[in-house]
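> Questions regarding the structure given below will be posed in turn.
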Amino acid sequence: MLQVAIPYSFGAWLLVEVSDVVLDAFEAPAWIMQGILIVLVIGFPVAVVLAWIFDITPESGVVRTGPLSEEPASEKQEQEEAPPAPAVSLEMGDSERRQVTILNALFEVNHGEDPELDPEHLRDFLVALESVKQDLAERYEAYPLPSGAEELTLVFGYPQAREDDARRAVAAGQALIGKMAVPEHSGSGLEAISFNARVGVSTGLVVVEEPKSEDRDVTIIGQAPRMASWLQSLATPDAVIIGPHTRKLVASHFELEPSGTHAQTQFGSEVTTYRVGGAISPDGFFTTSMAL
């Protein structure tokens, strides 16, 4: 309506000015100017109403204005004639941006004074370690990524995100450290073996790409997996090290001790890391009943 009201007002004002000069020059009677003013005043609401009811288009001329939710016929026709856009998700796989917490752990065999551990015994203990890894993922509801026999990578926040993902990851790391501190004995009972675990935990935004086929696994793209692996490399045996983002999420639940500031060009700045101590107020899911 404004597209008609504003030009109408300007045109009416211009017509009145011109008429005033011309009629005055010809000494026209006053009723002519009065008639022009009356016609212009009456015509204003009529023009506005007609503009509200009808539209003028270059394709169809004067047409009735459709509902607000209805698209113009020209746009509908263009959409129908245009070829379908390529589906990027089909070519790249289903992707989703989300915040996750990554736990990365490396296990080191500690078999006491005997440097020549029987390979069969080591195999048995690696099988037991695999069971521990699966149990940890199930108990703390994490998604395990493919890893080596002496390594573990868990994703918290996929496929289902939870508010306590970071807290859950740190608690899982602590439970893993506690489990690794208990020596396992071989079937013969003559040897004892234990694993030292180094754990790094990092939280951040990533892109999760779903697999295109059943024989492939989920792909996690972002800094969080690399940061978790880097934090794990900084950890001493039987320690959980976390980064600054994870610290903000778990600081009120765990005792944290600064473990240094490290230059990391890969992440663009220095990173302050923290070693996780005991839980401040364990409750609910994080009670000792969840220990491995």
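Under the working numbering, the first residue of the sequence shown carries the number 29, and numbering increases by one thereafter. All C-beta atoms, glycine included, are put in the ideal place defined by N, C-alpha and C.
#1: Could you give the distance in angstroms between the alpha-carbon of Phe-135 and the alpha-carbon of Lys-161?
#2: Residues in its own chain within less than 6 Å of Asn-132 by CB, not counting five upstream and five downstream?
#3: Is it right to say Leu-157 is buried, meaning 16 or more other beta carbons lie within 10 angstroms of its own, or is it exposed?
#4: Quick one: complete beta strand (DSSP E) runs, 3+ long, within the region 193 to 261?
#5: Determine the direct distance from the alpha carbon of Val-304 to that of Ser-280, and round the result to whole angstroms.
#6: Apart from the five residues just before and just after Ile-60, which ones in its own chain have a Cβ nearer than 7 Å to its Cβ?
#7: Measuring CB to CB, does Tyr-168 end up less than 9 Å from Arg-126?
#8: Work out the CA separation of Glu-237 and Thr-300 for me, nearest whole Å.
#9: Using the Cβ count rule (16 or more neighbours within 10 Å means buried), how would you classify Leu-233?
#10: Could you give the first and the last residue of the continuous alpha helix (DSSP H) run that contains Arg-275?
#11: Which one of Leu-42, Gly-288, Ala-307 and Pro-239 has the shortest CA to CA distance from Ala-203?
#12: On the three-state DSSP scale, how would you describe Arg-151?
#13: Could you tell me which of Leu-164, Val-137 and Gln-251 sits nearest to Arg-151, measuring between CA atoms?
#14: How would you write the range of the beta strand (DSSP E) that Phe-282 sits in, first residue to last?
#15: Identify whether Leu-47 lies in helix, strand or coil by the three-state DSSP scheme.
#16: For Glu-106, which residues in the same chain have their Cβ closer than 7 Å to its Cβ, ignoring the five residues on either side in sequence?
#17: Does DSSP put Ser-297 in a helix, a strand or coil?
#18: Report yes if the C-beta distance between Thr-129 and Thr-247 is below 9 Å; otherwise report no.
#19: Taking DSSP as the reference, what is the three-state secondary structure of Ser-37?
#20: When you compare only the Cα positions, how much space is there between Glu-285 and Ile-269?
#21: Arg-190: which of Ala-209, Thr-289, Leu-277 and Pro-253 sits nearest, CA to CA?
#22: So, with DSSP's three-state summary, where would you put Ala-56?
#23: From which residue to which residue does the beta strand (DSSP E) around Arg-126 run?
#24: Looking at the strands, I want to know which residues DSSP matches up with Thr-181.
Here's the rundown:
#1: 11 Å
#2: Thr-181, Gly-228, Ala-256, Ser-257 and Gln-260
#3: buried
#4: 220 to 237 and 247 to 250
#5: 12 Å
#6: Leu-51
#7: no
#8: 30 Å
#9: exposed
#10: 272 to 278
#11: Ala-307
#12: helix
#13: Val-137
#14: 282 to 292
#15: Here the sequence assigns Ser to residue 47, which means Leu is not the residue at that position. Helix, per DSSP.
#16: The predicted model places Glu-106 with a pLDDT of 47, which falls under 50 and marks its position as unreliable; any figure quoted below should be read in that light. No residues qualify anywhere along the chain.
#17: strand
#18: no
#19: helix
#20: 9 Å
#21: Leu-277
#22: coil
#23: 123 to 138
#24: Asn-132 and Leu-173
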